[in-house]
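In our numbering, the protein residues as written are 34 to 905.
In structure tokens form, the structure reads like this:
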């Protein structure tokens, strides 16, 4: 037998023994034990994965607004909470508000960003601020809008329609909480974005830094809960029912309640007991948590039910204490638990509720009236007594004295030594007593006159007496000053010639004991103007080649005249005739022109005295018989829609359409792709893309004559791929300048590179590369609008250094819409020469081979600024 077969037989025989059977059973048990250990290890691994939070990098949380809306100043009580767009604008004034509730912040905030979807472009976006949270979307209006707080969070410039704009609000959002973000306008170039009711709702994106935590271990609960009674009856109550609300300090706890030491039974909050007897009661409640731990010190509440009213007050008396007062007193009521106070009734209506006192003064009575009073007591449990025995009292009538009224008297300041007064009383048949400067009252009548008054302050008083002898306790009084001393003469009168048709006058104010009322200005001995309390005047009625002598005289409030000032003499020079060099190219230019037909000032193109003057500026432009008309953007408000052009621009400036070469502004893009602008002006606005009527380039160049070339720039840079070096528009302008080297160049656009007005520095960043290019190629002139006024600058470099060989710049935003301040940033522009914020008008350019001449002509036809500069 081979060894293997021998072993098999031995094992077979061993299997039949009891010990073998025991071993086999042990081996089977061991295998089962290993399987149990494996399952335990898998369970422990799962427990660790669940108990130990994930670690890693930053986490991004996104929140939708719980409320968003905008408010409008011209509709102060209107809510726009259901609108699909949020509007922010400086004209009309609109502000946007958004509120978010942030939760789940478990680490430091790395970044918080407000994202809004732009539906209408802007070249000067709003500023984000924090604001108060106490507002409701459905009721928020301009009148009740929340106040902004703190410093600006983020300021945006150019924002393009169809893109998401992002505002950095990290300084505001630092932890869980509710936050309101306000978008406040920075200009009248508005921003429209989608609201949460629109297609692209705003969102707040919060990026939170990662965190690590250790795994937690399960802990056996052996801690009992605490039971807390939240509400119950008053300690002393007249009610025979009682309700109790309570809670436990552990969620999921159950409760057992009992009353007055009785058996406890399961209960829930609130629990109520009725039919309670008078006397003391005690309520107890015990909480038991989910682990079976019971509160060892149940909460208890003890109170007293008192249903017995106090006794009625006695000995009530009422005494007249004056023409408008009755004093009441009474004897106190009694009660087992104490008196809380008294109810005082007058003529069966509640007059007052007082504490535990036994007197009261009624100061609301009227003379000649009778009143009935009664008093009730109430105890600390709220039980009311019966009413006291009523008492009745009559308040005597009171005589009413007359009032005295002064009808006429001298002015507050006068140079007259005589004063007359007329006066009357409110009761017919009254007589009067008068006095002057605190003297003795004496009988008088209306028309009282005083003469020979000394200089200085005087006071007249008069009182009326009615037929019953009742005198006015508050006599009427009138105080005035007699001033016969003239003011000092004005000093330092200066006369300066400005341009060719104006002399500016300034002087140092006069001094006087009375206020200065104004000044009389004389020219060559004749009165030129009577002015208020000012120290300057511009005389625009002078002629060239004439010498004028001016004097100024002060008037005080009393009518005294000073001596004339020292005269100032000045001569208006005659202009030197310009050299003749052939017929010029005549150009008129203006921007910011035609009002919206929906404007309150439009008036069927007739405008008002201060707005919508485009009809009159177009008349002036036509009167110049120009070869070309350059319109400098924002040609049609508010949206540049085709129907607006036809109603407002076309009947006025449209009379120059055959010679107009336009530059596009920001308001034109309020109609998608500036479709209205390109449809109205046609190929004349887009010669590089004939037939284009939407989303066109809008920049181009053309030849004025053999000496001059013009370039129209689209300064809405984001709409055409930018304006910086390397952009398509920059490359086009560079190619035009290189191809016309040696010619004089006029460049025009909408947005200003230099301005002293509200749009100072609005666009230098976007336009800087172009202006450096202009400087390198010797561009002579640039024109713009956007600021609604007229500004002329001395030639200067692109870096704003005044230089005779530099670029001369004009802002001509005076085409008719309205006018704006020129002085807001005057100290920030070193090369400004002439500013006008009070006149609508056009710039007239005459371009010669060897020079250019300019004139700013107002809507009245007056030339307010003019000059000439040679060119090489």
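Here a beta-carbon is modelled for each residue, glycine too, at the ideal position from N, C-alpha and C. Being a predicted model, the structure only gives us computed values, none of them experimental.
Bridge-paired residues (DSSP) for residue 889: The residue you call residue 889 lines up with position 856 of the chain shown. DSSP output for residue 889 lists 876, 898 as bridge partner(s).
Spatial distance of residue 229 from residue 215 (CA atoms): Residue numbering aside, residue 229 sits at position 196 when the chain shown is read from its first letter. Residue numbering aside, residue 215 sits at position 182 when the chain shown is read from its first letter. Each residue's Cα considered, the two are about 15 Å apart.
Cβ-heavy atom distance, residue 263 to the ligand GTP, below 7 Å: Inclusion of the ligand GTP in the displayed structure is not the case, the ligand content being empty and no account of it being possible.
Would you list the one or two residues that DSSP bridges to residue 312? Taking the chain shown and counting its residues from 1, the one referred to as residue 312 is at position 279. Per DSSP, 338.
Option nearest residue 473 by Cα separation, candidates 495, 708, 328: On the chain shown, position 440 is the one that residue 473 refers to. Nearest C-alpha to residue 473: 495.
Let me check understanding here. Comparing Cα to Cα, which of 499, 770, 463 lies closest to residue 780? Counted from its first residue, the chain shown places residue 780 at position 747. It is 770.
I need the boundaries of the beta strand (DSSP E) containing residue 152, first residue and last residue. Within the chain shown, the letter at position 119 stands for residue 152. That run of the beta strand (DSSP E) goes 142-153.
Residue range of the alpha helix (DSSP H) that residue 797 falls in? On the chain shown, residue 797 is found 764 positions in, with the first residue counted as 1. Note, residue 797: alpha helix (DSSP H), 797-809.
Beta-carbon contacts of residue 508 that lie in its chain and below 7 Å, excluding the five residues immediately before and after: Taking the first residue of the chain shown as 1, we reach residue 508 at position 475. Answer for residue 508: 437, 494, 495, 496, listed in chain order.
Pick from 548, 580, 578, 585 that is closest to residue 564, judged by C-alpha positions: The residue you call residue 564 lines up with position 531 of the chain shown. The shortest C-alpha separation from residue 564 is found at 585.
What's the C-alpha gap between residue 145 and residue 123? Here residue 145 is taken as the residue at index 112 of the chain shown, counted from 1. Here residue 123 is taken as the residue at index 90 of the chain shown, counted from 1. C-alpha separation (whole angstroms): 27 Å.
Could you have a look at residue 203 and say whether DSSP puts it in helix, strand or coil? Start at 1 with the first residue of the chain shown, and residue 203 comes out as number 170. Three-state result, residue 203: coil.
Flag this pair as yes or no: are the beta carbons of residue 547 and residue 591 separated by less than 8 Å? Along the chain shown, read from residue 1 onward, the residue named residue 547 stands at position 514. Along the chain shown, read from residue 1 onward, the residue named residue 591 stands at position 558. Against a cut-off of 8 Å, the Cβ pair of residue 591 and residue 547 comes out as a contact.
On the three-state DSSP scale, how would you describe residue 400? On the chain shown, position 367 is the one that residue 400 refers to. In the structure shown, residue 400 sits in coil (DSSP, three-state: anything other than H, G, I, E or B).
Could you compute how far the alpha carbon of residue 676 sits from the alpha carbon of residue 708? In the chain shown, the residue the question calls residue 676 occupies position 643. In the chain shown, the residue the question calls residue 708 occupies position 675. Their Cα atoms are separated by approximately 11 Å.
If we count Cβ pairs, one from each stretch, closer than 8 Å, do we get three or more for the segment 127-136 versus the segment 204-215? yes
Going by the beta-carbon positions, is the gap between residue 351 and residue 411 smaller than 8 Å? Here residue 351 refers to the residue found at position 318 when the chain shown is read from its first residue. Here residue 411 refers to the residue found at position 378 when the chain shown is read from its first residue. Not a contact, by the Cβ cut-off of 8 Å.
In the DSSP assignment, what residue or residues form a beta bridge with residue 96? Numbered from 1 along the chain shown, position 63 holds the residue referred to as residue 96. Residue 96 pairs with 237.
For residue 791, does the count of other Cβ atoms within 10 angstroms reach 16, so buried, or fall short, so exposed? The residue you call residue 791 lines up with position 758 of the chain shown. By the neighbour-count rule (16 or more Cβ atoms within 10 Å), residue 791 is buried.
For the candidate residues 366, 401, 381, 370, whose alpha-carbon lies nearest to that of residue 392? One-based indexing of the chain shown puts residue 392 at position 359. It is 366 whose Cα lies nearest to the Cα of residue 392.
Would you kindly work out how many angstroms separate the C-alpha atoms of residue 127 and residue 853, rounded to a whole number? Your numbering for residue 127 matches position 94 in the chain shown. Your numbering for residue 853 matches position 820 in the chain shown. Their backbone Cα atoms lie some 19 Å apart in a straight line.
Of all the beta strand (DSSP E) runs that stay within the bounds of the segment 716-801, which reach a length of 3 or more residues? 733-736, 741-745, 777-781
Give the straight-line distance between the Cα atoms of residue 571 and residue 536, rounded to the nearest whole angstrom. As a first step, residue 571 must be located in the chain shown, where it is residue number 538. As a first step, residue 536 must be located in the chain shown, where it is residue number 503. Taking the straight line from one Cα to the other gives about 6 Å.
Is the Cβ-Cβ distance between residue 149 and residue 218 less than 8 Å? Within the chain shown, numbered from 1, the residue matching residue 149 stands at position 116. Within the chain shown, numbered from 1, the residue matching residue 218 stands at position 185. Result no, Cβ atoms of residue 149 and residue 218 do not sit closer than 8 Å.
Taking residue 583 as the reference, give the member of 545, 440, 538 with the closest Cα. For the purposes of this step, residue 583 is taken as the residue at position 550 of the chain shown. Ranking the options by Cα distance to residue 583, first place goes to 538.
Using C-beta distances below 8 Å, list every residue in its chain close to residue 901, excluding the 5 sequence neighbours before and after it, in chain order. Working through the chain shown from its first residue, we reach residue 901 at position 868. Excluding sequence neighbours, residue 901 sits near 611, 884, 885, 886, 887.
If you compare alpha carbons, which of 877, 397, 703 is closest to residue 151? The residue labelled residue 151 in the question sits at position 118 within the chain shown. Residue 703 is the option with its Cα nearest to residue 151.
Assigned exposure category for residue 267 - 16 Cβ within 10 Å defines buried: Indexing the chain shown from 1 puts residue 267 at position 234. Looking at its Cβ environment, which holds fewer than 16 other Cβ atoms inside 10 Å, residue 267 is exposed.
Is the number of C-beta pairs between the segment 803-818 and the segment 722-733 that are closer than 8 Å three or more? no
Rounded separation between residue 773 and residue 843 - CA only: Translated into the one-based positions of the chain shown, residue 773 becomes position 740. Translated into the one-based positions of the chain shown, residue 843 becomes position 810. In a straight line, the C-alpha of residue 773 is about 23 Å away from that of residue 843.
Taking 8 Å as the cut-off, does the segment 412-429 touch the segment 446-461 (at least 3 CB pairs, one atom from each stretch)? no
Can you check whether the CB of residue 274 is closer than 8 Å to the CB of residue 317? Taking the first residue of the chain shown as position 1, residue 317 is located at position 284. Taking the first residue of the chain shown as position 1, residue 274 is located at position 241. Their beta carbons are not under 8 Å apart, which means residue 317 does not touch residue 274 by this criterion.
Closer than 8 Å is the cut-off here; do at least three beta carbon pairs connect the segment 549-563 with the segment 621-635? no
Going by alpha carbons, who is nearest to residue 183 out of 202, 679, 405? The residue you call residue 183 lines up with position 150 of the chain shown. Per the Cα distances, 202.
With which residues is residue 813 paired in a DSSP beta bridge? Taking the chain shown and counting its residues from 1, one reaches residue 813 at position 780. The partner list for residue 813 (beta bridge, DSSP) is empty, contrary to what the question assumes.
For residue 695, count neighbouring Cβ atoms within 10 angstroms of its own Cβ and tell me buried if that reaches 16, exposed if not. As a first step, residue 695 must be located in the chain shown, where it is residue number 662. Label assigned to residue 695: buried.
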